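Mapping the sequence shown onto our numbering, position 108 (from 1) lands on 108, and the numbers just tick up by one. In this text, a Cβ means the ideal position worked out from N, Cα and C, and glycines have one as well. Note that this is a predicted model, so its numbers are computed, not measured. Down below is the structure, laid out as structure tokens.
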Amino acid sequence: MELKWKIKPFEALTVNELYDLLKLRSEIFVVEQNCVYLDIDGKDKKALHLIGEYDGKVAAYSRLFDAGISFENASIGRVVVGANYRDKKWGHDLMREAIAAIKSNFGKDKITIGAQLYLKKFYESHGFVQSGEMYLEDDIEHIEMIRG
1 MELKWKIKPF
11 EALTVNELYD
21 LLKLRSEIFV
31 VEQNCVYLDI
41 DGKDKKALHL
51 IGEYDGKVAA
61 YSRLFDAGIS
71 FENASIGRVV
81 VGANYRDKKW
91 GHDLMREAIA
101 AIKSNFGKDK
111 ITIGAQLYLK
121 KFYESHGFVQ
131 SGEMYLEDDI
141 EHIEMIRG
């Protein structure tokens with residue numbers, strides 16, 4: 001039972017893919033985390049979209065950015081695994097794919113993320129180290145982390 005991975009620039013996403021990834025982000029970041037914020041922030045058009053599909057559904061997703069868009073370094077954002085799939089540990093697969101895609105698409109080894117604080121150990125397991133103080137983003141504790 002493995003995910004089928006796709007990586008696409010915004011312009012290559014189908015309407016259905018865009019709908020499905022925005023739905024997943026809304027389910028988790030807005031509804032599950034009870035956080036009212038504008039998910040559609042204008043950066044989707046600048047991102048590569050990493051989509052992990054299982055049985056025809058978007059199960060895992062993240063946005064990938066070259067240096068200078070979200071942070072000084074390349075970055076990974078909107079890291080999400082659907083609630084129904086978390087027991088599969090696909091978040092680790094997602095991070096491995098995202099890190100490899102940053103290297104292969106942007107030629108970068110140094111990656112910065114804005115991580116939810118409760119996921120610090122998860123990101124540390126992928127080589128990230130805390131590089132800043134805790135801050136609130138949309139009333140959720142975050143920290144900046146760097147890998148490379």
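- A straight line joining the alpha-carbon of LEU13 with that of LYS88 spans about 26 Å.
- The beta carbon of TRP5 is closer than 6 Å to those of GLY52 and GLU97 in its chain, skipping five residues each way along the sequence.
- The C-alpha of LYS121 lies about 20 Å from the C-alpha of GLY82.
- Pairing VAL58 with ALA47, the inter-Cα distance amounts to about 17 Å.
- In the DSSP assignment, GLY52 falls within the beta strand (DSSP E) that extends over 48 to 54.
- Annotation for LEU21: VAL58 and TYR61 place their beta carbon closer than 6 Å to its own, counting only its chain and skipping 5 residues before and after.
- In this model, GLU137 and LYS8 are separated by some 27 Å (Cα to Cα).
- Nearest C-alpha to VAL79 among LYS103, GLN130, SER26 and VAL129: SER26.
- For PHE71, the secondary structure class from DSSP, reduced to helix, strand or coil, is coil.
- Linking PHE71 to THR112 through their CA atoms gives a straight-line distance of about 7 Å.
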